[in-house]
Amino acid sequence: MPFSYRLSLFLTGLLFSAATRAQLTFEGNASATWQEAIARYQRMDSLYSGAKLTVIGHDDGGQPIHLFILSDGSGFTPDSIRAAGKNILWITNAIHPGEPDGIDASLMLAQTLLDSDQLMGLLVNTAVCIVPVYNVSGALNRGSYSRANQNGPLEYGFRGNARNLDLNRDFMKMDSENARSLVSALTRWDPDIYFETHVSDGADHQYIMALLATQKDKLAPALAKFMTEVLVPEQYKWMGEKGLLMCPYFETGGKAPELGLRGFYDSPRYSTGYNALFDRIGIVSESHVLKPYAERVNATYQLLLGTLAAMDQSPRDLRKARAAAKEHTRTRTSFGMNWRLDTTVVDSIPWKGYTARTDTSIVTGLPRLRYDREAPTDTRVPWRDTYRPSLIVTKPSAYIVPRQWHEAIDRLRLNGVEMRLLAKDTVLLAEQDSIGDFSTVPMAYEGHSLHKNIEATRQLKKVPVHAGDVLIPMGRTTDRYVIEALESRAEDGFFAWNFFDAILQQKEWFDGYVFEDLAARLLAHDPGLKVAFEEKRASDPMFAKDADAQLAWLYRRSPWMESTWRKHPVLRVVE
Numbered sequence: 001m002p003f004s005y006r007l008s009l010f011l012t013g014l015l016f017s018a019a020t021r022a023q024l025t026f027e028g029n030a031s032a033t034w035q036e037a038i039a040r041y042q043r044m045d046s047l048y049s050g051a052k053l054t055v056i057g058h059d060d061g062g063q064p065i066h067l068f069i070l071s072d073g074s075g076f077t078p079d080s081i082r083a084a085g086k087n088i089l090w091i092t093n094a095i096h097p098g099e100p101d102g103i104d105a106s107l108m109l110a111q112t113l114l115d116s117d118q119l120m121g122l123l124v125n126t127a128v129c130i131v132p133v134y135n136v137s138g139a140l141n142r143g144s145y146s147r148a149n150q151n152g153p154l155e156y157g158f159r160g161n162a163r164n165l166d167l168n169r170d171f172m173k174m175d176s177e178n179a180r181s182l183v184s185a186l187t188r189w190d191p192d193i194y195f196e197t198h199v200s201d202g203a204d205h206q207y208i209m210a211l212l213a214t215q216k217d218k219l220a221p222a223l224a225k226f227m228t229e230v231l232v233p234e235q236y237k238w239m240g241e242k243g244l245l246m247c248p249y250f251e252t253g254g255k256a257p258e259l260g261l262r263g264f265y266d267s268p269r270y271s272t273g274y275n276a277l278f279d280r281i282g283i284v285s286e287s288h289v290l291k292p293y294a295e296r297v298n299a300t301y302q303l304l305l306g307t308l309a310a311m312d313q314s315p316r317d318l319r320k321a322r323a324a325a326k327e328h329t330r331t332r333t334s335f336g337m338n339w340r341l342d343t344t345v346v347d348s349i350p351w352k353g354y355t356a357r358t359d360t361s362i363v364t365g366l367p368r369l370r371y372d373r374e375a376p377t378d379t380r381v382p383w384r385d386t387y388r389p390s391l392i393v394t395k396p397s398a399y400i401v402p403r404q405w406h407e408a409i410d411r412l413r414l415n416g417v418e419m420r421l422l423a424k425d426t427v428l429l430a431e432q433d434s435i436g437d438f439s440t441v442p443m444a445y446e447g448h449s450l451h452k453n454i455e456a457t458r459q460l461k462k463v464p465v466h467a468g469d470v471l472i473p474m475g476r477t478t479d480r481y482v483i484e485a486l487e488s489r490a491e492d493g494f495f496a497w498n499f500f501d502a503i504l505q506q507k508e509w510f511d512g513y514v515f516e517d518l519a520a521r522l523l524a525h526d527p528g529l530k531v532a533f534e535e536k537r538a539s540d541p542m543f544a545k546d547a548d549a550q551l552a553w554l555y556r557r558s559p560w561m562e563s564t565w566r567k568h569p570v571l572r573v574v575e
């Protein structure tokens with residue numbers, strides 16, 4: 001390696017081990033800037049035949065989003081790599097640029113692989129795709145005070161991008177140019193394992209790393225088996241052999257860890273939950289926020305290297321698991337959604353923590369939590385990590401999305417969903433949902449007013465469709481994504497994210513003095529409606545005293561009520 005490049009590595013904390021040029025160790029408390037990181041990848045591109053730096057799209061701030069590809073003799077396109085029988089490991093860094101560990105760890109990984117003939121052997125069965133910095137505009141917004149909990153580095157980026165979006169909540173709604181760029185690339189590359197680097201907040205403990213693996217119960221059986229019985233055990237074994245303590249990523253529910261931990265549920269808004277919809281294994285490294293920066297970077301590097309080694313050990317098993325999972329998705333007739341923790345299923349796991357103590361705060365004078373690092377604990381704690389679907393959806397033969405809902409259609413297209421345009425106007429027998437009760441977050445969430453706890457009723461009826469409307473045939477490997485996007489009750493579906501909110505507003509109403517006479521004639525000519533109306537008046541005293549409410553009740557059941565109100569625009573073709 002040229003001295004000048006070695007010096008640049010030295011200046012930013014990457015030092016060669018005295019034992020071998022192939023073993024890099026990170027030292028110091030400074031993280032590479034976006035410009036420095038890209039310059040190093042450009043340098044590697046120019047020096048090594050097995051490396052290529054490309055651009056996959058742009059950030060909301062206008063900057064390019066790069067992809068660095070490591071491939072040993074099989075080209076640098078998805079087709080050439082798959083034709084060579086290789087699997088693909090995808091690494092995304094700096095989705096939250098305030099958590100920059102992966103930026104430096106991935107530079108170490110790339111340099112290590114390229115400098116070592118022995119480690120380059122890990123690329124015989126696997127190509128590695130690295131997004132050096134995903135949230136570029138956030139990375140450029142550098143400072144030292146946005147991460148109060150974090151122990152280094154000296155400077156780092158900001159969580160939000162140029163539009164103040166959290167990109168790890170943007171995988172279904174795809175508001176950002178970042179997400180559209182990344183999703184398009186993931187659709188082309190279809191990696192087998194998606195790995196994302198983070199830093200974890202939360203309880204203080206002895207572990208340097210927490211491993212977040214996609215929630216196992218949501219995966220197809222073959223893929224879940226590979227992840228839980230092959231990949232994850234190998235990752236723990238690798239880290240253990242390096243003397244690096246790692247635990248599963250957890251939530252405490254606001255209680256002390258000793259009272260029990262629960263596994264994280266990654267719904268489709270998150271990167272790993274989104275990738276699971278395409279039968280990809282999602283892995284997130286969560287280095288511990290209070291550990292020194294250099295230790296966190298080295299632990300992240302080791303987990304990346306260990307993941308690549310695990311993939312190298314079982315390449316055929318991974319390919320078989322993914323193929324089986326894709327076939328399972330294509331052929332299954334129903335899908336679970338909106339998963340909930342089953343608190344009755346309890347296991348236990350080892351826990352190396354610190355004794356939690358309650359002291360008097362010198363700031364507030366009130367009780368405060370303190371973890372006593374002079375009193376480490378080594379015990380077992382309850383572990384809950386079984387999730388079950390709260391909703392089962394039967395797969396239709398096709399969906400129809402009217403052409404005017406172009407924002408939904410555009411996102412489906414970017415995700416590689418097969419579409420056909422209807423050639424002419426016609427009438428079809430299809431299912432359509434009517435939106436019932438739901439709740440909406442009280443304040444804006446990621447630029448939206450997210451709907452939750454959505455209820456809907458479904459009716460089979462003849463509905464008009466038009467030339468240019470989009471028909472989405474099912475029985476494809478994208479089925480699970482399509483269902484999670486288009487079902488009205490899906491927790492991260494397009495309705496939940498406000499893509500169809502226009503249907504919730506009535507456009508016409510009535511004047512009472514006019515509708516009084518119409519309502520009287522309506523009741524006179526519809527005995528069934530009159531019976532229901534009188535029953536409502538008898539059972540609801542407040543209703544019986546409110547003339548406007550009674551007229552509104554009748555109006556909504558009259559021919560004058562607009563038929564599109566609260567009708568979910570997506571149709572389900574079931575024949």
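Everything in the sequence shown is counted per our numbering, starting at 1 for the first residue and increasing by one.
By construction, the Cβ of each residue, glycine as well, lies at the ideal position given by its N, Cα and C atoms.
Roughly how many whole angstroms lie between the Cα atoms of residue 58 and residue 95?
Straight-line Cα distance between these residues: approximately 14 Å.
Excluding sequence positions up to five away, which residues of its chain have a Cβ less than 6 Å from the Cβ of residue 333?
If we look at residue 333 and ignore the five residues flanking it on each side, its Cβ neighbours are 395.
Classify residue 531 as helix, strand or coil using the three-state DSSP reduction.
If DSSP states are grouped into helix, strand and coil, residue 531 belongs with the helices.
Can you have a look at residue 421 and say buried or exposed, based on whether 16 or more other CB atoms are within 10 angstroms of its CB?
With fewer than 16 Cβ atoms within 10 Å of its Cβ, residue 421 is classed as exposed.
Is the separation between the beta-carbon of residue 188 and that of residue 176 shorter than 9 Å?
No, they are not a contact pair.
Under a Cβ-count criterion, where at least 16 other Cβ atoms within 10 Å of its own Cβ denotes burial, should residue 248 be classed as buried or exposed?
Under this definition residue 248 is a buried residue.
What do you reckon, are the CB atoms on residue 277 and residue 41 nearer than 9 Å?
Taking 9 Å as the Cβ cut-off, residue 277 and residue 41 do not qualify as a contacting pair.
Using a Cβ-Cβ cutoff of less than 7 Å, which residues in the same chain neighbour residue 370 once the five nearest sequence positions on both sides are dropped?
Only 357, 359 meet the Cβ criterion.
Straight-line CA distance for residue 367 to residue 252?
Spanning the two alpha carbons is a distance of roughly 20 Å.
Sort out for me which residues DSSP pairs residue 206 with in a bridge.
DSSP lists no partner for residue 206.
Per DSSP, which residues does residue 492 bridge with? Please list them.
Per DSSP, none; premise fails for residue 492.
Write down every uninterrupted run of the beta strand (DSSP E) in the stretch 248 to 306 whose length is 3 residues or greater and which is fully enclosed by it, in chain order.
For the stretch 248 to 306, whole beta strand (DSSP E) runs of length 3 or above, ordered along the chain, are 261 to 263, 281 to 288.
Residue 190: which of 214, 132, 280 sits nearest, CA to CA?
The shortest Cα separation from residue 190 among 214, 132, 280 belongs to 280.
Taking the straight line between their C-alpha atoms, what separation do you get for residue 429 and residue 465?
Cα-Cα distance, rounded: 10 Å.
Under a three-way DSSP split, which group does residue 335 fall into?
Three-state DSSP puts residue 335 in a strand.
Check this for me: beta carbons of residue 354 and residue 206, under 9 Å apart or not?
Yes. Within cutoff.
Determine, using beta-carbon pairs with one atom in the stretch 111 to 131 and one in the stretch 77 to 90, whether at least three such pairs fall under 8 Å.
Touching, yes, given that three or more Cβ pairs across the two stretches are closer than 8 Å.
Exposed or buried, which one is residue 373 when buried takes at least 16 other CB atoms within 10 Å?
Classification of residue 373: exposed, given that the 10 Å Cβ count is below 16.
In whole angstroms, give me the CA-to-CA distance for residue 219 and residue 347.
One C-alpha to the other measures close to 20 Å.
Would you say the stretch 112 to 122 touches the stretch 289 to 300, given that touching needs at least three Cβ pairs under 8 Å?
No: fewer than three Cβ pairs fall under 8 Å.
List the DSSP bridge partners of residue 439.
Bridge partners of residue 439: 452.
Could you check how far apart the C-beta atoms of residue 208 and residue 288 are, in whole angstroms? I think they sit under 8 Å.
Right, their Cβ atoms sit about 6 Å apart.
Rounded to the nearest angstrom, how far is the Cβ of residue 232 from that of residue 213, given a contact under 8 Å?
Between residue 213 and residue 232 the Cβ distance is about 6 Å, and since that is below 8 Å, they are a contact.
I need the DSSP call for residue 402, collapsed to helix, strand or coil.
Coil, per DSSP.
Mark residue 462 as exposed unless 16 or more other C-beta atoms lie within 10 angstroms of its C-beta, in which case mark it buried.
That one is exposed.
Apart from the five residues on each side of it in sequence, which residues of its chain come closer than 7 Å, Cβ to Cβ, to residue 572?
Only 396, 399, 430, 431 meet the Cβ criterion.
Can you give, in chain order, each stretch of the alpha helix (DSSP H) that sits fully within the stretch 88 to 118 and has at least 4 residues?
If we require 4 residues or more, the alpha helix (DSSP H) runs fully inside the stretch 88 to 118 come out as 101 to 115.
What are the residues that DSSP puts in a beta bridge with residue 240?
None; residue 240 has no bridge partner.
Measure the C-alpha to C-alpha separation of residue 508 and residue 561 and round it to an integer number of angstroms.
Near 8 Å, if we compare the C-alpha coordinates of residue 561 and residue 508.
Quick check on residue 362: does DSSP put it in helix, strand or coil?
Correct three-state label for residue 362: coil.
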